[in-house]
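Colleague: Using the numbering used here, the first residue of the sequence shown is number 1, and each one after it goes up by one. Don't be surprised by glycine CBs; every beta carbon is placed ideally from N, CA and C. All figures in this text were calculated on a predicted structure; none of them were measured in a lab.
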Amino acid sequence: MNIPGFDLPDLALLRPWWLLAVPVLALIALRYGIAGGLGSWRRAVDAPLLAAIERRGGVVAGSGGRRLSPWLAAAVIAAIALAGPAMERADSRTFRNLDGIVLALDLSQSMTDSGSLADAQVAMVKLAEAAAGRQIAFVVYAGDAYLGSPFSADVDALRPLVLGSGAGVVPDTGSDPARALALSRAVFDKAAMVAGDVVLVGDGDGIGADAFAAAAALRAEGRRVHTVFVPPAARVVGSPDPHPAAASDLAAAGGGRFVAVGDIAALAAELGSGDSERLGAGGYAALVWNDFGRLLLLGAAIPILALFRRRA
């Protein structure tokens, strides 16, 4: 937030839906006529009778509104406090090891023989570059899955590994994404990362019940499974058909994105988002944000103190 002459930190709201209470409170204020105090009594009681009651001291004009005002003021402050005004911690980058990315590349024969592997490799490198600063691991799979590189923030070291992976790197025939997801889960657990993303890059072949179960397990642990669909550049006789629908369903099961290899911008932006955006929405917000809501809640008590002042 920049104002001429001032240098204010950027603020965010962790729970912005609480601000919906503010217009509701404003309607309550209008409905009960804070300024007048008597509100609907003037409409419900005959004017001569109300005047007589006032002369006898039975009505103190405006007292109802004055007693309601502190409660409404406190409620407005509380609503703003519950919205979670917060500022990102200066040392939030120290929590980058809380989550990481596993890039899993399909090296089955349907990928290596179809002429589309180069597109997959380039897309994977672009995703790694977009997520620079995050810890990234590299997995290759076909009939089985293998760890190509453990978690590292060195994209320059990862790039030649990705671009150099090709036919024959994985000796096991077939395509088993479930094994790649299971290995990714094990890599996360070994690194003690509480959250993260798995990006499965392939043609969707081999996705079955085991893969959906593995994606659901990763999602339950606070991780997301994304899929990048790579269509074949040329159909090879005897190769299995590509399965974009299965890849899309797998991403849905894993709580992630499904994108085509030629349109990865949205996924790249998501992987490259700040720690506060990824972790701040989950249970680790306290590690990333300074939440000022608690202090504001104490401030909500100040208007209520006005109700306890001594009357003459």
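When you compare only the Cα positions, how much space is there between A260 and L19?
Modeller: Answer to the nearest angstrom: the Cα atoms are 38 Å apart.
Colleague: Can you tell me the Cα-Cα spacing of W71 and L11, whole angstroms?
Modeller: W71 and L11: Cα-Cα distance of roughly 27 Å.
Colleague: Classify V198: buried if its beta carbon has 16 or more other beta carbons within 10 angstroms, exposed otherwise.
Modeller: Label assigned to V198: buried.
Colleague: Suppose the cutoff is 6 Å on Cβ atoms and the five residues either side in sequence are ignored; what does the same chain contact list for A182 look like?
Modeller: Within the same chain, A182 has close Cβ partners A214.
Colleague: Which ranges would you report for the alpha helix (DSSP H) in the segment 116–175 if only whole runs of at least 4 residues count?
Modeller: You should have 117–130, 155–163.
Colleague: Less than 9 Å between the C-beta atoms of A131 and L250, yes or no?
Modeller: Cβ distance not < 9 Å, so A131 and L250 don't count as in contact.
Colleague: In three-state terms, what does DSSP make of R294?
Modeller: In this structure, R294 counts as helix in the three-state DSSP scheme.
Colleague: Which residues does DSSP pair with P85 in a beta bridge?
Modeller: DSSP output for P85 lists L13 as bridge partner(s).
Colleague: Using only alpha-carbon positions, find the residue among Q121, V139, A178 that is nearest to D210.
Modeller: When each option's Cα is compared against that of D210, the closest is A178.
Colleague: Decide yes or no for the touch test of the segment 153–166 against the segment 296–304: beta carbon pairs closer than 8 Å, at least 3 of them.
Modeller: Judged by Cβ distances under 8 Å, the segment 153–166 makes no contact with the segment 296–304, as fewer than three pairs qualify.
Colleague: Out of V170, A81, N290, which has the shortest C-alpha to C-alpha gap to A21?
Modeller: Residue A81 is the option with its Cα nearest to A21.
Colleague: Would L218 and V228 qualify as a contact pair, given that the criterion is a beta-carbon distance under 9 Å?
Modeller: Cβ atoms of L218 and V228: not closer than 9 Å.
Colleague: Just the Cα atoms here: how many angstroms apart are L158 and V169?
Modeller: Cα-Cα distance, rounded: 16 Å.
Colleague: Please report how far the alpha carbon of N290 lies from the alpha carbon of G133, in whole angstroms.
Modeller: Roughly 22 Å separates the two Cα atoms.
Colleague: Could you tell me the alpha carbon to alpha carbon distance between P85 and L25, rounded to whole angstroms?
Modeller: If I take the Cα positions, the gap works out to 19 Å.
Colleague: At what residues does the alpha helix (DSSP H) containing V24 begin and finish?
Modeller: From DSSP, the alpha helix (DSSP H) with V24 extends over 21–31.
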